[in-house]
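Protein chains in written order, with my numbering: chain A, 1 to 158; chain B, 159 to 316; chain C, 317 to 474; chain D, 475 to 632; chain E, 633 to 790; chain F, 791 to 948. For every residue, glycine included, the Cβ atom is placed at its ideal position computed from N, Cα and C. Since this is a predicted model, take the numbers as computed values, not measurements. These notes are about the structure you will find just below.
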């Protein structure tokens with residue numbers, strides 16, 4: 001098992017030195033979901049325009065959230081992300097919304113934290129917009145599904 | 159079922175008008191967890207000082223995350239939070255870390271989004287610090303456990 | 317004519333002391349527009365879903381922009397805004413989009429800067445989303461249309 | 475006419491993928507103005523030191539505003555800007571202040587949004603500092619005057 | 633000697649609960665200095681306009697820095713500051729600039745961290761603007777000179 | 791003596807154009823200290839776990855502070871820092887804590903402001919956590935100890 005790279009030999013937290021890592025194309029994808037009551041699900045996925053665009057607002061919050069990653073995660077490197085997309089898909093079996101985010105960069109370290117932060121911020125925003133109707137929603141299943149580019153090679157969730 | 163308050167009659171998103179709500183003491187608690195491989199769990203919860211203080215760093219990130227809530231969640235009101243605490247507890251049965259956050263304010267609207275954001279940021283930070291050892295971790299179980307103060311009364315997760 | 321309150325007697329900039337001003341309900345409205353080529357206007361206001369929701373994204377950016385006002389405007393007081401709404405209306409005579417923002421607070425100073433910042437951020441976001449099609453767009457007409465609450469009384473643009 | 479690049483084929487907003495664009499020197503210039511009452515204009519452009527340095531404060535706010543562009547504009551890429559300058563010129567015929575901002579980067583996408591945001595933030599700051607004397611000021615004429623570098627070539631306002 | 637209030641009984645960091653503290657008028661003043669070479673001092677304090685307004689830029693940075701305090705200091709409460717002023721005074725005996733900042737709020741906790749952050753940000757900005765001429769400058773003497781309002785009473789540096 | 795590069799020929803502040811500077815590996819180190827009463831020093835450096843991890847929290851605040859440098863210092867360029875470390879060492883002779891920060895980047899301009907901001911934010915955080923016990927602490931000795939990489943060559947404090 002690898003070491004915990006975010007701590008030095010004495011156990012002190014630090015931002016890992018990536019100065020000598022290659023500038024390469026990197027991509028990461030993360031996923032997650034928001035589970036809700038059946039009637040909440042029906043309300044936000046029905047075609048009635050007057051219910052408002054929960055999915056559109058949450059998607060945008062996820063994209064902006066990716067850009068805030070180095071502000072939120074103490075030891076994350078700031079990175080010039082070159083692409084962010086966030087998809088929300090209604091899943092009647094959950095019932096709820098499934099979220100997937102893809103982030104790319106051309107840089108010296110990976111973007112899986114950006115993808116996870118996009119998913120997480122998107123899910124929180126769904127909760128915020130729907131909470132007046134349903135306080136019992138649950139956010140879960142947040143994990144990295146793909147990471148590629150850079151020295152450690154390709155990772156795909158099993 | 160209540161309406162989706164974050165949209166006006168035409169379906170346009172807006173920040174809800176809370177100008178006429180009372181300034182009262184409000185509290186919210188949220189919970190969640192990070193599930194990891196057994197050997198990852200052993201590594202971060204063992205007493206060996208050299209592994210670094212994952213829990214201490216993640217707790218602090220959660221506290222600071224609560225303060226960033228109105229930056230992250232588009233329609234959230236900015237609020238002067240008066241208390242934030244974040245607890246991480248190792249759970250060998252998960253295995254992983256259970257997270258609980260409590261936020262208070264004296265204001266015109268509730269702080270459940272702040273508590274959820276604290277939990278979420280804390281969990282992402284655990285992932286960041288441990289990801290070199292374990293990319294397969296999962297974040298889940300994020301939900302509001304308690305909300306009190308304000309007109310809508312006390313809510314406790316069942 | 318009033319003095320320039322943002323400077324002290326020696327001409328040094330400062331954040332005005334509002335400690336002794338009353339906490340009252342305050343509201344401000346501002347307006348502005350983005351003028352564009354006729355075919356650009358047709359494209360973003362036509363019903364074709366595939367063109368994307370320019371208005372929805374720009375509205376959300378305006379709401380979030382209002383919350384960033386004290387970060388952007390050096391001598392602005394931070395204020396807990398209690399309501400923000402932003403409306404975009406297609407105007408075929410411009411041709412372009414007319415923007416109006418309303419902000420409320422319960423505080424010690426007015427929110428006209430928040431309303432102006434919402435309009436301005438919303439207009440910039442329209443430009444950003446449409447610029448691949450039309451670089452010649454112009455943003456203008458940004459002014460305060462209403463300010464009320466507080467000692468200086470009600471102001472309405474003539 | 476070009477497509478709206480900020481939306482995918484289904485109309486969902488995304489941050490455009492610039493991963494494969496060349497890293498080149500890019501520059502953009504934008505302009506705008508703040509129109510005010512004659513006596514307001516006289517006050518802020520007169521040599522009396524005690525009136526305070528409206529132009530100096532607004533210039534600095536514009537420069538800092540350029541750096542906040544990816545925070546404000548939802549689908550903007552974060553970019554390491556390599557130069558920002560903002561000029562304010564009194565124009566007695568307006569009467570008011572004319573603003574021009576120039577931004578450079580060495581990156582994968584253009585900086586016209588940074589230049590427009592600098593002009594806009596500068597204009598809002600002028601309004602803020604002078605509003606105690608003149609609430610009727612208007613901000614307008616905000617447009618891109620020059621954009622160069624990158625694949626789409628040189629653009630100059632007609 | 634008082635306890636370290638920022639840690640709970642188990643030693644975990646938290647944001648102190650100030651929910652039950654009174655909302656009162658609070659003020660704090662802090663001071664500090666930047667020491668520099670004699671010729672650097674002469675250059676930035678001479679009347680030659682072409683040298684640029686180091687003091688004006690640094691003052692504004694200090695004021696804006698006060699507003700960023702809860703972003704920078706992990707366990708600081710966000711507070712609606714109601715006044716910030718920063719004064720820079722050339723001191724030929726240092727030689728260098730003496731800085732003093734005053735911050736007020738009407739809130740539930742003190743503003744000494746805001747005053748210290750204003751001084752510190754102002755001093756860093758002086759360093760930034762002058763560093764091309766003098767890398768050996770030193771920032772020091774940063775301390776609280778006055779704190780008043782709230783339960784703990786008036787504090788003045790001896 | 792060099793010119794003040796942050797001002798143009800007319801004395802107006804601007805962000806220096808670094809577009810034509812080489813992208814090279816750059817490093818900077820800065821130092822400083824927080825001086826406190828003897829009993830305060832004993833309390834935070836004693837082994838009693840219940841006193842809380844002042845040093846761990848302050849170290850993290852320093853690392854995060856480095857990332858906020860372009861937000862705080864008006865004319866600083868945004869830079870993708872590639873490493874940040876902050877060390878705190880108890881010094882019984884002060885008595886107090888000595889702070890040292892090292893920052894690296896691969897970019898077009900130096901990182902001494904990032905190193906200084908890390909030290910400064912770390913010191914302010916120590917003050918915040920200990921202020922309930924000791925309001926008379928002083929922050930000082932903040933200076934650049936090393937700067938290397940880039941055209942101007944290596945600088946070391948004498």
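Problem set entry | Contact set between the stretch 645-673 of chain E and chain B, restricted to residues whose Cβ is under 9 Å from the partner | Within the stretch 645-673 of chain E, the qualifying residues are 645, 646, 647, 648, 649, 650, 651, 652, 653, 655.
Problem set entry | Buried versus exposed call for residue 740 of chain E [16 or more other C-beta atoms within 10 Å across all chains shown] | The residue is buried, with at least 16 neighbouring Cβ atoms inside 10 Å.
Exercise. Going by beta carbon distance, what residues of the same chain come within less than 6 Å of residue 647 of chain E, once the five residues before and after it are set aside?
Worked result: If the five residues before and after residue 647 of chain E are omitted, its C-beta is found closer than 6 Å to the C-beta atoms of 707, all from its own chain and listed in chain order.
Exercise. When we look at the beta-carbon of residue 270 of chain B and count the other beta-carbons within 10 Å, is it buried (16 or more) or exposed?
Worked result: It is buried - the Cβ of residue 270 of chain B has at least 16 other Cβ atoms within 10 Å.
Exercise. Under a CB-based cut-off of 8 Å, is residue 774 of chain E close to chain F?
Worked result: Taking Cβ atoms only, chain F reaches closer than 8 Å to residue 774 of chain E, which makes this a yes.
Problem set entry | Boundaries of the beta strand (DSSP E) in which residue 257 of chain B is found, first to last residue | Residue 257 of chain B -> beta strand (DSSP E) spans 254-265.
For this session: Please list the partners that residue 77 of chain A has in chain F, where partner means a Cβ-to-Cβ separation under 8 Å.
Result: Within chain F, the residues 870, 871, 872 have their CB atoms less than 8 Å from the CB of residue 77 of chain A, given in chain order.
Exercise. From residue 45 of chain A to residue 139 of chain A, what distance separates their C-alpha atoms?
Worked result: Cα-Cα distance, rounded: 18 Å.
For this session: Verify whether the separation of the beta carbon atoms of residue 334 of chain C and residue 393 of chain C is less than 8 Å.
Result: Pairing residue 334 of chain C with residue 393 of chain C gives a Cβ-Cβ distance under 8 Å.
Exercise. Under 8 Å, do residue 257 of chain B and residue 246 of chain B count as touching if we go by C-beta distance?
Worked result: The criterion of a C-beta distance shorter than 8 Å is satisfied by residue 257 of chain B and residue 246 of chain B.
Exercise. Chain E partners of residue 203 of chain B, CB-CB under 9 Å?
Worked result: Simply none; closest approach about 15 Å.
For this session: Determine the extent of the alpha helix (DSSP H) in which residue 25 of chain A is found, giving its start and end residues.
Result: No alpha helix (DSSP H) holds residue 25 of chain A; the beta strand (DSSP E) holding it covers 24-35.
Exercise. Residues in its own chain within less than 6 Å of residue 668 of chain E by CB, not counting five upstream and five downstream?
Worked result: Contacts found: 728, 766, 769.
Problem set entry | For residue 939 of chain F, the nearest candidate out of F:947, F:894, F:948, F:918 (CA to CA) | Of the candidates F:947, F:894, F:948, F:918, the one whose C-alpha sits nearest the C-alpha of residue 939 of chain F is F:894.
Problem set entry | Chain-order list of residues whose beta-carbon lies under 7 Å from that of residue 171 of chain B (same chain, five-residue window excluded) | Correct list, in chain order: 164, 165, 233.
For this session: Would you mind sorting residue 342 of chain C into buried or exposed? The rule is 16 or more other CB atoms within 10 Å of its CB.
Result: Here residue 342 of chain C is buried: its Cβ has 16 or more other Cβ atoms, across all protein chains shown, within 10 Å.
Exercise. From what residue to what residue does the beta strand (DSSP E) around residue 873 of chain F run?
Worked result: Boundaries of the beta strand (DSSP E) harbouring residue 873 of chain F: 871-881, taken from the DSSP string.
For this session: Starting from the Cα of residue 336 of chain C, find the closest Cα among E:738, E:716, E:789 and give me that residue.
Result: Nearest of E:738, E:716, E:789 to residue 336 of chain C, Cα basis: E:738.
For this session: Would you grab the beta carbon distance between residue 631 of chain D and residue 617 of chain D for me? Rounded to a whole angstrom, and I think it's under 8 Å.
Result: The beta-carbon separation of residue 631 of chain D and residue 617 of chain D, rounded to 6 Å, stays under the 8 Å limit for a contact.
For this session: With a cut-off of 8 Å on the beta carbons, I'd call residue 444 of chain C and residue 542 of chain D a contact; round off their distance for me.
Result: Going by Cβ atoms, the distance from residue 444 of chain C to residue 542 of chain D rounds to 14 Å, so no, they are not a contact pair.
Exercise. If we cut at 8 Å on Cβ distances, does residue 132 of chain A have a partner in chain B?
Worked result: The beta carbon of residue 132 of chain A falls within 8 Å of a beta carbon belonging to chain B, placing the residue at that interface.
For this session: Give me the Cβ distance between residue 141 of chain A and residue 32 of chain A, rounded to the nearest whole Å; I'm assuming they're in contact under 8 Å.
Result: 5 Å between Cβ atoms; contact.
Exercise. Counting only beta-carbon atoms, is residue 706 of chain E nearer than 8 Å to chain B?
Worked result: Residue 706 of chain E counts as touching chain B.
Exercise. DSSP three-state call for residue 773 of chain E: helix, strand or coil?
Worked result: The three-state secondary structure of residue 773 of chain E, taken from DSSP, is strand.
Exercise. Would residue 717 of chain E count as contacting chain C if we go by Cβ distances under 8 Å?
Worked result: Closer than 8 Å: yes.
Exercise. Should residue 697 of chain E go down as buried or exposed, given a rule of 16 or more other Cβ atoms within 10 Å for buried?
Worked result: Buried is the label assigned to residue 697 of chain E, since at least 16 other Cβ atoms lie within 10 Å of its Cβ.
For this session: Report buried or exposed for residue 843 of chain F, applying the criterion of at least 16 other Cβ atoms within 10 angstroms of its Cβ.
Result: The residue is buried, with at least 16 neighbouring Cβ atoms inside 10 Å.
Exercise. Does the beta carbon of residue 585 of chain D come closer than 8 Å to any beta carbon on chain C?
Worked result: It does not: the Cβ of residue 585 of chain D has no partner Cβ on chain C nearer than 8 Å.
Exercise. What number of angstroms, rounded off, separates the C-alpha of residue 619 of chain D from the C-alpha of residue 508 of chain D?
Worked result: Distance between the alpha carbons of residue 619 of chain D and residue 508 of chain D is about 17 Å.
Problem set entry | residue 537 of chain D versus D:604, D:598, D:627, residue with shortest Cα-Cα distance | The candidate whose alpha carbon is nearest that of residue 537 of chain D is D:598.
Problem set entry | Residue from A:29, A:115, A:85 whose Cα sits closest to the Cα of residue 483 of chain D | If we check each option's Cα against that of residue 483 of chain D, A:85 comes out closest.
Problem set entry | Between the CA atoms of residue 589 of chain D and residue 514 of chain D - distance to the nearest angstrom | Straight-line Cα distance between these residues: approximately 26 Å.
For this session: Pick helix, strand or coil for residue 319 of chain C, following the three-state DSSP scheme.
Result: In the three-state scheme derived from DSSP, where H, G and I count as helix and E and B as strand, residue 319 of chain C is classed as coil.
Problem set entry | Rounded distance between the beta-carbons of residue 503 of chain D and residue 576 of chain D, thought under 8 Å | The C-beta distance from residue 576 of chain D to residue 503 of chain D rounds to 5 Å, short enough to meet the 8 Å contact threshold.
Exercise. Using a Cβ-Cβ distance under 8 Å, would residue 625 of chain D count as near chain F?
Worked result: With a threshold of 8 Å between beta carbons, residue 625 of chain D makes no contact with chain F.
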